[in-house]
Amino acid sequence: MEKMENRVADNRRVRVDFDEYADRYEALLEEQLAFFSGDRGYFSEYKVALTARYCRRPPARILDFGCGIGLSLPFLKRYFPAARLFATDLSQKSLSHVRERFPDVSVLSDGEIDGHRFDMIFVAGVFHHVPVDKRAHVAGRVARLLSRDGQLFVFEHNPFNPVTRRMVSTCPFDADAVLLTLGDTKHLVGSVAGLWLVESGYCLFFPQVLRGLRPLEKVLRRIPLGGQYFVVGRK
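FYI, in full-length UniProt numbering the residues of the sequence shown are 1 to 235.
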């Protein structure tokens, strides 16, 4: 099942330029999520809350790798109040939004991050935008940014979920998306990047209106029906 063909954009070669979407990213995302939840903040907080649950110890330095316009940053600040937050992205316009909205976050360009080390790196919805032949390089680079015993948290869309696949196929800033299975991402984090695989599973089974059912997700996380999945690696 893990080898299922999962390319949503296998015939599309044009790479998405997120500078074109930075100013209206939130509005587009709200539109995509309207039929499912109506609140993109629910999804952003969900992933950070799950990260906090599996974090081994309070991190001093956190990097939001591929931060976009910073939708996860308010929740990283809330769940890890003692940590110093860093953010990086290839989109300079997105980083400008982060600088303006979060002056207490240290914004790093792509060329500046290699000299730093982080106790935790948060990577949400990034790898499906990375060209397949460059994923190994990116995974290895992210792993090298971790301090000793540092943890990497990766969240990706689940290609086995039909709602997720439809959302990706109709989303303008996912035009270049090539989805990864959970097995693909575990291979990147473990075999390619050389990290210990600590946890993994499917998540986001329930929309906000059914959030009271979220405790059931601990039981359901091995069932490949969640909207997304997560992989945790440790150096």
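We put the CB at the ideal spot given by N, CA and C, even for glycine.
Use the C-beta contact count for residue 159: other C-beta atoms within 10 angstroms, 16 or more gives buried, fewer gives exposed. Against the sequence shown, residue 159 aligns to sequence position 159. Flag for residue 159 reads buried.
What does the alpha-carbon distance come out to for the pair residue 9 and residue 52? Reading the sequence shown from its first residue, position 9 is the one you call residue 9. Reading the sequence shown from its first residue, position 52 is the one you call residue 52. Reliability fails at residue 9, whose pLDDT of 44 lies under 50, so the model's placement of it is uncertain and the value that follows must be treated cautiously. Each residue's Cα considered, the two are about 32 angstroms apart.
Which residues bound the alpha helix (DSSP H) around residue 168? The residue given as residue 168 occupies position 168 in the sequence shown. Residue 168 -> alpha helix (DSSP H) spans 162 to 170.
With which residues is residue 106 paired in a DSSP beta bridge? The residue you call residue 106 lines up with position 106 of the sequence shown. Answer is 86, bridged to residue 106.
Tell me whether residue 113 sits in a helix, a strand or coil according to DSSP, three-state version. Numbered from 1 along the sequence shown, position 113 holds the residue referred to as residue 113. The answer is helix: DSSP assigns residue 113 an H, G or I state.
Just confirm the distance between the C-beta atoms of residue 154 and residue 127, as a whole number of angstroms; I'd bet it's less than 8 angstroms. Here residue 154 refers to the residue found at position 154 when the sequence shown is read from its first residue. Here residue 127 refers to the residue found at position 127 when the sequence shown is read from its first residue. Between residue 127 and residue 154 the Cβ distance is about 7 angstroms, and since that is below 8 angstroms, they are a contact.
Member of 207, 185, 46 whose CA lies at the smallest distance from the CA of residue 163: Counted from its first residue, the sequence shown places residue 163 at position 163. Considering only alpha carbons, the answer is 207.
Classify residue 143 as buried or exposed, calling it buried when 16 or more other Cβ atoms lie within 10 Å of its own Cβ. Position 143 of the sequence shown, counted from the start, is the residue given in the question as residue 143. Buried is the call here.
Helix, strand or coil, according to DSSP, for residue 176 in the structure here? Mapped onto the sequence shown, residue 176 falls at position 176. The answer is coil: DSSP assigns residue 176 none of H, G, I, E or B.
Which of the three DSSP states is assigned to residue 136 in this structure? Along the sequence shown, one-based indexing puts residue 136 at 136. Residue state, collapsed to three classes: helix.
Is there a Cβ from chain D that is less than 8 angstroms from the Cβ of residue 92? Here chain D cannot be found, since the structure has a single protein chain.
Alpha helix (DSSP H) containing residue 97: first to last residue? Looking up residue 97 in the sequence shown gives position 97. Annotation for residue 97: the continuous alpha helix (DSSP H) segment containing it runs 92 to 101.
For a quick check, are the C-beta atoms of residue 95 and residue 85 less than 8 angstroms apart? The residue labelled residue 95 in the question sits at position 95 within the sequence shown. The residue labelled residue 85 in the question sits at position 85 within the sequence shown. Contact: no.
Residue(s) in a DSSP beta bridge with residue 156: Counted from its first residue, the sequence shown places residue 156 at position 156. Beta-bridge pairing links residue 156 to 229.
Based on Cα-Cα distance, which residue from 228, 225, 189, 218 lies nearest to residue 234? As a working note, residue 234 is residue 234 in the sequence shown. Selected option, being the one with the closest Cα: 189.
For residue 211, which residues of its own chain have a beta-carbon under 6 angstroms away from its beta-carbon, when the five flanking residues on both sides are left out? Here residue 211 is taken as the residue at index 211 of the sequence shown, counted from 1. Here the set comprises nothing.
Return the first residue and the last residue of the beta strand (DSSP E) that residue 201 is part of. Within the sequence shown, numbered from 1, the residue matching residue 201 stands at position 201. Looking at the DSSP string, the run of the beta strand (DSSP E) that includes residue 201 is 196 to 203.
From what residue to what residue does the alpha helix (DSSP H) around residue 75 run? Mapped onto the sequence shown, residue 75 falls at position 75. That run of the alpha helix (DSSP H) goes 73 to 79.
Integer-rounded CB distance, given that residue 168 should sit under 8 angstroms from residue 200: Numbered from its first residue, the sequence shown carries residue 200 at position 200. Numbered from its first residue, the sequence shown carries residue 168 at position 168. Incorrect: roughly 21 angstroms between the Cβ atoms, too far for contact.
Quick one: grab the DSSP three-state call for residue 193. Counting from one through the sequence shown, the residue named residue 193 turns up at place 193. Coil, per DSSP.
Can you look up residue 68 in the DSSP assignment and give me helix, strand or coil? Sequence index remark: in the sequence shown, residue 68 carries index 68 (1-based). Reduced to three states, the DSSP call for residue 68 is coil.
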